[in-house]
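Encoded as structure tokens, the structure appears first; notes follow it.
Numbering (our numbering), first residue to last: 2 to 803.
Structure representation (structure tokens):
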């Protein structure tokens, strides 16, 4: 065959056959599409593979598919835009490509597009992982390539956080993790627990490092970090610990002390102190392990060595117990995708790690180690939606007390919306009364502050990073939504007259806001542009990321969209969404930005956390596959791999084959964004009649179809909603022709409760019954279960469709 293939005649004949087959397909596809759009889509996918060298097979298969409706190549390769094309495009071309994949958007699709976030603007270069106990103000960090604990950042953005040590391996004492291609990890124990596991190959040995922070009260106050070294491969090896800095260090019995006699590091008998080089060294062999405990904040008083008598194992066990107990307190979610299960657990843990007493800080160990109103409020609300209502109650108080000059109306809107949301989820009237002096001040601010000639607020900063004073659509829309929501809370609390007056004020205010937008919007561009700076002070940003101010418009427009000030599914709401989607506002479903043009961030970035409200709008508009683009785009490319750490901004351009740059990780609001998205795939509570009160509960409305493949289950237990806790468990038994759903409705019955079973493509619900009652399922697999007050089981008979 190889000999015959070499002849020109054979190759020409084959090429001719291939050419003919291709054009058969070209004719067949439109014909098939006319007869059956679904078959036409499959045939189009196959035909696209001509460019990948499969011309003959594609032509023949397209022809067969056209003739008999088969779909044998539904999973064939698709042409995916290059990074340069994706960055240059105004549309989210990677998101569109994900939608075209068989089965829709997936983690596996996005994971392959780019290397993950990895590098930061610090001397330690590789991103840090925060090590701490729940809510502890004292926090340590391990550098993600394993090179050290509390390593100094050096640059202006990063703070020193305590006793800094460097780890070295091998006879030459090279820094652990210096050659990243030899690093495996970091990973969390069991996929989510804050016990960091990293391996590093040096010479003939593979060194394994395990680190975690103590959760014991006597140690967590000083952020004590435990570290253990062992050999994963090799007969022997050497490990060294170096305390960074020039201050004198001396050794006591199993402890290193500074010149004031304060304890810095405790070590077991496998370590030896080398005074001349100021290093602890350990020889590893015969499965020997070397253990340390590093006090980020030195201990002035003498305490027993925490590594003595098996201290590492005891402390690790206690660490696992504390974090697992914390996870069990909240909503429980199990889906048939391990990376998703690991992610939500790791992110809940991470946000409790960023909690500083009652203050939910934006980050730790860098310039963002502080409270911010908008980002902090979103984080507190996400934690509430994940079942941590008592913790959210504590977080709200510092947020109510927070103030930043020049953004008072913006802040008031967030404070009142957060309190209203908290009330409907918890019905905690006592807390609202307790906080009354605080919220009355903010309510008076938004009611009485509309003093300019347009009936709006005075000029306020464009946003936190842009000090230019403007008549702000962002601040006015947020405050209007706060009035509307809080009026219904006052009604529920029995303050009917104040509620009536506030409802009337909100309605009048909304009229003024829409009139101001009518004077400010730009209809000379398509889609029309709705500015944040009103009355002609802001030009359309085309493309959105063409300028820095355009990027900030993109962030603020998301907030405006979330207020629903223009009304649900109205012309202006569609304009706002379409402008963001068509003029460069998204990449992989995440919000795009153009930060300051520095080496570390570059001009082409994403700011995932600020896309929360556009994703919620997508869910409210019932566009599940678009929501899944944002969900999987964030999971695969907004977080680090296996450790689920995000920053405020993340470059789209790789620094090298190992990763991309991102800014000041970790980020509590970025964590909250993903938690809120996942909750939205599973549980949605909406005010769809726009009266300020929740009225609709939708269950499993946006889950990936693969989650209900045969034999798979989805389980959501004790999910807080604005109607009370709800639980739902679905088991797919496609082989038996059925799907079973068990539901525990909330305490307060919504006006409408809907359950959707998004079955794999090619399947549909034939019938649905509960307690002998026959219910109707629509084409999307949605069953109306309104009025159900007691736990019930829904049995759905399913069948294949062509």
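Idealized CB from N, CA, C, for every residue including glycine.
Nearest-angstrom Cβ-Cβ length linking residue i and residue j, presumed shorter than 8 Å
i           : j           : result
residue 609 : residue 581 : Rounded, the Cβ-Cβ distance is 14 Å, inconsistent with contact.
residue 225 : residue 168 : Actually they are not in contact, since the Cβ atoms of residue 225 and residue 168 sit about 17 Å apart, beyond 8 Å.
residue 681 : residue 596 : Going by Cβ atoms, the distance from residue 681 to residue 596 rounds to 27 Å, so no, they are not a contact pair.
residue 116 : residue 661 : 6 Å
residue 541 : residue 523 : 5 Å
residue 686 : residue 187 : Not really, about 37 Å apart at Cβ, beyond 8 Å.
residue 416 : residue 400 : 7 Å
residue 272 : residue 283 : 5 Å
Residue i to residue j span [Cα, whole Å]
i           : j           : result
residue 636 : residue 124 : 27 Å
residue 455 : residue 615 : 28 Å
residue 792 : residue 738 : 23 Å
residue 471 : residue 482 : 20 Å
residue 724 : residue 689 : 14 Å
residue 449 : residue 530 : 30 Å
residue 663 : residue 717 : 33 Å
residue 535 : residue 100 : 36 Å
residue 153 : residue 668 : 19 Å
residue 735 : residue 802 : 13 Å
residue 784 : residue 199 : 47 Å
residue 139 : residue 790 : 46 Å
residue 721 : residue 135 : 22 Å
residue 127 : residue 179 : 10 Å
Outcome for residue i when other beta-carbon atoms lying within 10 angstroms are tallied against a minimum of 16
i           : result
residue 351 : buried
residue 568 : exposed
residue 36  : Any reading at residue 36 must be qualified, since the residue scores a pLDDT of 37, below 50, and its modelled position is unreliable; no value is offered.
residue 362 : buried
residue 699 : buried
residue 249 : exposed
residue 787 : exposed
residue 191 : exposed
residue 27  : Here the model assigns residue 27 a pLDDT of 42, short of 50, so the residue's position is not dependable, and the following value carries that caveat. Residue 27 should be labelled exposed.
residue 329 : exposed
residue 749 : exposed
residue 469 : exposed
residue 527 : exposed
residue 120 : buried
residue 409 : buried
residue 759 : buried
residue 73  : Caution applies to residue 73, whose pLDDT of 37 falls short of 50 and renders its modelled position unreliable; the value that the coordinates give is listed next. Exposed is the call here.
residue 173 : exposed
residue 719 : exposed
residue 219 : exposed
residue 799 : buried
residue 405 : exposed
Residue i and residue j closer than 8 Å at C-beta
i           : j           : result
residue 683 : residue 334 : yes
residue 563 : residue 491 : no
residue 150 : residue 317 : no
residue 105 : residue 761 : no
residue 629 : residue 703 : yes
residue 354 : residue 131 : yes
residue 205 : residue 253 : no
residue 676 : residue 488 : no
residue 419 : residue 381 : yes
residue 740 : residue 665 : no
residue 781 : residue 757 : yes
residue 184 : residue 147 : yes
residue 193 : residue 346 : yes
residue 611 : residue 367 : no
residue 162 : residue 297 : yes
residue 673 : residue 379 : yes
residue 477 : residue 514 : yes
CB contact below 8 Å: residue i versus chain C
i           : result
residue 667 : Absent from the structure: chain C. Only one protein chain is present.
Residue i: CB within 7 Å of a non-hydrogen atom of the ligand COA
i           : result
residue 260 : Because no ligand of any kind appears in the structure shown, any question about the ligand COA cannot be addressed here.
Quick one: which unbroken alpha helix (DSSP H) runs of 4-plus residues sit fully inside the region 174 to 232? Chain order, please. Runs found: 218 to 221.
Counting only runs that start and end within the region 630 to 695, where is the beta strand (DSSP E) found for 3 or more residues in a row? Complete beta strand (DSSP E) runs here, min 3: 651 to 657, 660 to 663, 684 to 687.
At 4 residues or longer, and completely inside the region 503 to 573: list those alpha helix (DSSP H) runs for me, N to C. 549 to 564, all fully within the region 503 to 573.
Could you name each continuous beta strand (DSSP E) segment of 3 residues or more that falls completely within the region 774 to 803, going from the start of the chain to the end? Secondary structure remark: continuous beta strand (DSSP E) runs of at least 3 residues inside the region 774 to 803, in chain order: 774 to 776, 783 to 785, 793 to 801.
Runs of 3 residues minimum, wholly inside the region 396 to 420: which ones carry the beta strand (DSSP E) assignment? If we require 3 residues or more, the region 396 to 420 turns out to have no beta strand (DSSP E) run fully inside it.
Can you give, in chain order, each stretch of the alpha helix (DSSP H) that sits fully within the region 77 to 146 and has at least 4 residues? Taking only runs of at least 4 residues, the alpha helix (DSSP H) segments lying wholly in the region 77 to 146 are 84 to 89, 94 to 101, 108 to 112.
Taking only runs that begin and end inside the region 343 to 386, name each unbroken alpha helix (DSSP H) of 4 or more residues, in chain order. Listed in chain order, the alpha helix (DSSP H) elements of length 4 or more contained wholly in the region 343 to 386 are 374 to 386.
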